[in-house]
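Trainee: Input: one structure, supplied below.
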Amino acid sequence: MKTKKILLGAFAITAAVTGGLLFAADHIDSPNVTNQPNDITDLYVFRGENTANLVFVANTQGLLSPSATATKKFDENTVIEFNIDNNNDKVEDLVIQCKYDAASNSMVVYGPTVPSETGTRSKLEGAATASVIVTSYGSASPITATAASGIKVFAGPRDDPFFFDLTQYKKIIAGTATGFLPAGVSHDTFAGTNVMTVAVEVPKSLLGAAATLNVWVETKKKI
Amino acid sequence: MKAISIKYTALILAGSLFFISCKKDSATVSATVYYQQQDQMGRPAINTVFIDAAAKDSFNVTIPTQQASKFGYKVTNTLTAFGYTMNALGQDKAVFSGLLSTDVLNVSTTTKTTFFDGTNVLTGRALNDDVIDVELLLIFGGSTGASNPQLTSDNVGSNDKAFNTSFPYLATPW
Chain Y
0 MKTKKILLGA
10 FAITAAVTGG
20 LLFAADHIDS
30 PNVTNQPNDI
40 TDLYVFRGEN
50 TANLVFVANT
60 QGLLSPSATA
70 TKKFDENTVI
80 EFNIDNNNDK
90 VEDLVIQCKY
100 DAASNSMVVY
110 GPTVPSETGT
120 RSKLEGAATA
130 SVIVTSYGSA
140 SPITATAASG
150 IKVFAGPRDD
160 PFFFDLTQYK
170 KIIAGTATGF
180 LPAGVSHDTF
190 AGTNVMTVAV
200 EVPKSLLGAA
210 ATLNVWVETK
220 KKI
Chain L
0 MKAISIKYTA
10 LILAGSLFFI
20 SCKKDSATVS
30 ATVYYQQQDQ
40 MGRPAINTVF
50 IDAAAKDSFN
60 VTIPTQQASK
70 FGYKVTNTLT
80 AFGYTMNALG
90 QDKAVFSGLL
100 STDVLNVSTT
110 TKTTFFDGTN
120 VLTGRALNDD
130 VIDVELLLIF
140 GGSTGASNPQ
150 LTSDNVGSND
160 KAFNTSFPYL
170 ATPW
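Chains Y and L supply the protein sequences, listed in that same order.
Oh and the first sequence: position 73 is 72 in numbering that gives the first Met the number 0, straight run, nothing missing.
Oh and the second sequence: position 83 is 82 in numbering that gives the first Met the number 0, straight run, nothing missing.
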């Protein structure tokens with residue numbers, strides 16, 4: 000614990016000295032997790048094609064070039080956890096947990112279920128509710144699975160859906176430009192790059208009766 | 000004779016495997032495996048824009064109920080540095096920094112889900128939402144949204160690949 004704290008401090012000092020102001024969805028946001036399998040790049044939550052469902056998308060390991068994507072894997076010791084607060088107290092009432100199983104090359108889903116403890120430490124809750132073989136890079140079509148409950152799951156590399164002229168923004172922050180470039184000249188810094196995606200589509204009936212949810216995604220590493 | 004010895008070897012093998020798996024079971028059966036938080040996000044770009052480099056890692060492991068009290072002042076300071084007074088939603092600095100510093104994504108279960116589409120505000124985040132322009136407009140656009148026009152849109156309005164209408168919706172990788 001002490002070692003961890005010291006390490007954290009060292010990282011923070013390095014970051015303070017070398018780190019500029021970065022701006023992306025959550026890509027490359029912190030020294031401890033950058034380029035690690037637990038580095039979250041983005042969270043999306045939206046209605047499914049069937050509007051009775053909500054889709055939860057967590058993207059990790061951003062800015063992957065096509066050649067780097069082929070060898071990327073999910074980490075067996077990392078849980079990607081969607082946290083859902085349905086009474087607006089900003090504490091998770093339900094979790095959807097996704098953990099990679101190397102032996103079966105599958106992404107295994109637990110929940111949505113009430114967690115046995117809230118906060119920064121978790122264990123896998125209950126029995127698996129869905130699982131899917133990870134779609135490999137170069138596969139023509141995504142492998143998806145649908146459980147009897149209606150939960151759908153996908154895991155594998157996808158085009159990064161995030162778009163932003165990060166390069167120009169950095170120039171503005173650095174004081175070498177006064178504004179963004181006009182359309183046609185501006186450039187999506189994330190064009191041509193991939194992420195490792197986990198997508199879970201859930202019937203709203205499994206998420207309680209609240210009209211509004213607060214959602215956030217966490218990565219948690221085995222201790 | 001040969002068959003018997005193969006059988007015998009197989010039995011021994013099976014026995015030793017059984018023994019190994021027994022040992023393994025007894026070692027792991029009582030220990031619950033826990034996972035400790037490393038990274039988190041709710042809305043796009045909150046940690047990356049408003050939290051300084053030295054505090055990013057600690058923000059990433061701070062639960063949402065404690066984010067405003069621990070990091071709210073950093074959000075306020077950044078808004079001050081940006082010359083912020085009011086946004087197009089009529090939120091003054093205190094209200095806006097309060098909203099931003101608790102980093103959760105609001106999601107409606109009853110209406111269209113979008114970060115902002117001109118009508119619905121913060122009811123989710125769809126793949127094609129131009130979240131950066133929404134945030135730039137709210138941060139730099141002033142009370143009418145017309146201030147600092149050179150800073151309120153990056154002029155990148157869509158993704159470089161089309162999304163699909165069916166699960167999993169995201170495009171195939173490059």
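Beta carbons: idealized from backbone N, C-alpha and C, even for Gly.
Please read these numbers as outputs of a predicted model, since none were measured by experiment.
Give the C-beta separation of Y/D202 and Y/N52 to the nearest angstrom, bearing in mind that I take them to be a contact with Cβ-Cβ under 8 Å.
Mentor: Contrary to the premise, residue 202 of chain Y reads as Pro rather than Asp in this sequence. Yes, they are in contact, since the Cβ atoms of Y/P202 and Y/N52 sit about 5 Å apart, within 8 Å.
Trainee: With distances taken Cα to Cα, identify the nearest neighbour of Y/G137 among Y/E48, Y/R157 and Y/V94.
Mentor: Y/R157
Trainee: With 8 Å set as the bound, which would you pick, yes or no: does the beta-carbon of L/M85 sit closer than that to a beta-carbon of chain Y?
Mentor: No, its Cβ sits nowhere closer than 8 Å to a Cβ of chain Y.
Trainee: Does DSSP put L/D102 in a helix, a strand or coil?
Mentor: coil
Trainee: Looking only at C-alpha atoms, which of Y/V54, Y/H186, Y/N82 and Y/T68 sits nearest to Y/N193?
Mentor: Nearest option by C-alpha distance: Y/T68.
Trainee: Beta-carbon within less than 8 Å of L/Y34's beta-carbon, same chain only, minus the 5 sequence neighbours each way: which residues are those?
Mentor: none
Trainee: L/G97 touches chain Y at which residues, Cβ-Cβ below 9 Å?
Mentor: In chain order: nothing, as chain Y lies at least about 12 Å away.
Trainee: Assuming the contact rule is C-beta atoms closer than 8 Å, Y/V57 and Y/F81 should be a hit. Round their C-beta distance to whole Å, please.
Mentor: Reading the sequence as shown, one finds Ala at residue 57 of chain Y and not Val. With a Cβ gap of about 7 Å, Y/A57 and Y/F81 count as contacting.
Trainee: Is L/T113 closer than 8 Å to L/D102 when the C-beta atoms are compared?
Mentor: no
Trainee: Residues bridged to L/R124 by DSSP?
Mentor: Y/V44
Trainee: Less than 6 Å between C-beta atoms, sequence neighbours within five positions excluded: which residues of the same chain meet that for L/V106?
Mentor: G123
Trainee: According to DSSP, Y/G155 sits in a beta bridge with which residue or residues?
Mentor: Y/T196.
Trainee: For L/S96, name the three-state secondary structure that DSSP assigns.
Mentor: In the structure shown, the three-state DSSP call for L/S96 is helix.
Trainee: What is the DSSP secondary structure of Y/V107, counted as helix, strand or coil?
Mentor: In this structure, DSSP gives Y/V107 an extended state, which the three-state scheme calls strand.
Trainee: Please work out which residues of its chain come closer than 7 Å, Cβ to Cβ, to L/I5, disregarding the five sequence neighbours upstream and downstream, and give them in chain order.
Mentor: With a pLDDT of 46 at L/I5, under the threshold of 50, the predicted position of this residue should be treated as unreliable, and no value is reported.
Trainee: On the criterion of 16 or more Cβ atoms from any shown chain inside 10 Å, does Y/A101 qualify as buried, or is it exposed?
Mentor: exposed
Trainee: Taking the continuous beta strand (DSSP E) assigned at Y/A139, which residues delimit it?
Mentor: Looking at the DSSP string, Y/A139 is not in any beta strand (DSSP E), and its letter there is neither H nor E.
Trainee: So the candidates are L/A80, L/S157, L/A44 and L/S146; which of them puts its Cα closest to the Cα of L/A87?
Mentor: L/S146
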